[in-house]
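The structure under discussion appears below in the form of structure tokens.
In the working numbering, the protein residues as written are 303 to 561.
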């Protein structure tokens, strides 16, 4: 790959994707809030949805957290903590592999459910199917990189990706040079990952911004509903009870004098 193409794909394209990712999400939230949803189909084939959704979400959260910490943590912090590159490489392969397999099984169940159930397929938007297949392809590429990484257990190959990711965020003009000579499967994985950020605002993935993390700090309470509202709420009893029928007063006794 020539230096010009490498710089365009890994030096310029990341900024284009991140710009669309941030501005597009903001504009959609501001102008199309009624489309800010996942379009749940949980009423259909709930068992398969439960397994697929749980495996996918748990796996993807672990993968995202691993990529975020592994790529964006400065190298000097790992050195200060005594974490070697080889140990970090082995941990990434092990933890990432387990999470990747779980996520792959989950998204395979979700894709099978959406593509092969006529009712769900007919109610699915083209974008729903497209992003599902895009994520499936990205997971496939990610799992395939494990076999390449096994040949670089010294961890120096991973250092290239760390320098590239941190160089992009710190606006280093020569950041693309760090990944110029990496294996093509890594480049495909990076490009597809950036493309997912590019299409993010136009898909159902925007619900990621609405993750209810604030529930973790909310004081707990329980809502209880009952059909016996009169017994539970005496104040509402006069309103809910039907008025008693009015009775005519009895005639007063006659006190006429005896004849």
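Beta carbons are placed, not taken as given, at the ideal position from N, Cα and C, and that holds for glycine.
Spatial distance of residue i from residue j (CA atoms)
{"i": "residue 305", "j": "residue 420", "result": "48 Å"}
{"i": "residue 313", "j": "residue 403", "result": "31 Å"}
{"i": "residue 469", "j": "residue 475", "result": "8 Å"}
{"i": "residue 442", "j": "residue 509", "result": "23 Å"}
{"i": "residue 418", "j": "residue 507", "result": "22 Å"}
{"i": "residue 453", "j": "residue 399", "result": "15 Å"}
{"i": "residue 425", "j": "residue 311", "result": "36 Å"}
{"i": "residue 317", "j": "residue 473", "result": "9 Å"}
{"i": "residue 374", "j": "residue 321", "result": "19 Å"}
{"i": "residue 416", "j": "residue 423", "result": "5 Å"}
{"i": "residue 449", "j": "residue 484", "result": "14 Å"}
{"i": "residue 382", "j": "residue 376", "result": "10 Å"}
{"i": "residue 389", "j": "residue 433", "result": "34 Å"}
Beta-carbon spacing of residue i, residue j below 8 Å
{"i": "residue 319", "j": "residue 505", "result": "no"}
{"i": "residue 464", "j": "residue 391", "result": "no"}
{"i": "residue 405", "j": "residue 439", "result": "no"}
{"i": "residue 323", "j": "residue 493", "result": "no"}
Assigned exposure category for residue i - 16 Cβ within 10 Å defines buried
{"i": "residue 393", "result": "exposed"}
{"i": "residue 387", "result": "buried"}
{"i": "residue 437", "result": "buried"}
{"i": "residue 333", "result": "exposed"}
{"i": "residue 412", "result": "buried"}
{"i": "residue 503", "result": "buried"}
{"i": "residue 538", "result": "Because residue 538 sits at a pLDDT of 48, beneath the cut-off of 50, its placement in the model cannot be relied upon, and the following sentence gives the value as read from the coordinates. Exposed is the call here."}
{"i": "residue 401", "result": "buried"}
{"i": "residue 336", "result": "exposed"}
{"i": "residue 467", "result": "buried"}
{"i": "residue 362", "result": "buried"}
{"i": "residue 384", "result": "exposed"}
{"i": "residue 372", "result": "buried"}
{"i": "residue 457", "result": "buried"}
Neighbourhood of residue i by C-beta distance below 7 Å, restricted to the same chain and skipping five residues each side
{"i": "residue 447", "result": "487, 488, 491"}
{"i": "residue 495", "result": "440"}
{"i": "residue 350", "result": "411, 415"}
Contact set for residue i: own chain, Cβ-Cβ below 6 Å, skip 5 residues either direction
{"i": "residue 308", "result": "478, 482"}
{"i": "residue 354", "result": "408, 411, 412"}
Cut-off 8 Å between Cβ atoms - residues of its own chain near residue i, not counting five sequence neighbours on either side
{"i": "residue 328", "result": "none"}
{"i": "residue 451", "result": "391, 394, 395, 459, 460"}
{"i": "residue 444", "result": "365, 398, 402, 491"}
(request) Let me know the alpha helix (DSSP H) ranges lying completely inside the stretch 416–460, each 4 residues or longer, listed in chain order. (result) Within the stretch 416–460, the alpha helix (DSSP H) runs of at least 4 residues that lie entirely inside it are, in chain order, 420–424, 428–451.
(request) Return the chain-ordered ranges of every alpha helix (DSSP H) run that is complete within the stretch 356–383 and spans a minimum of 4 residues. (result) 377–383
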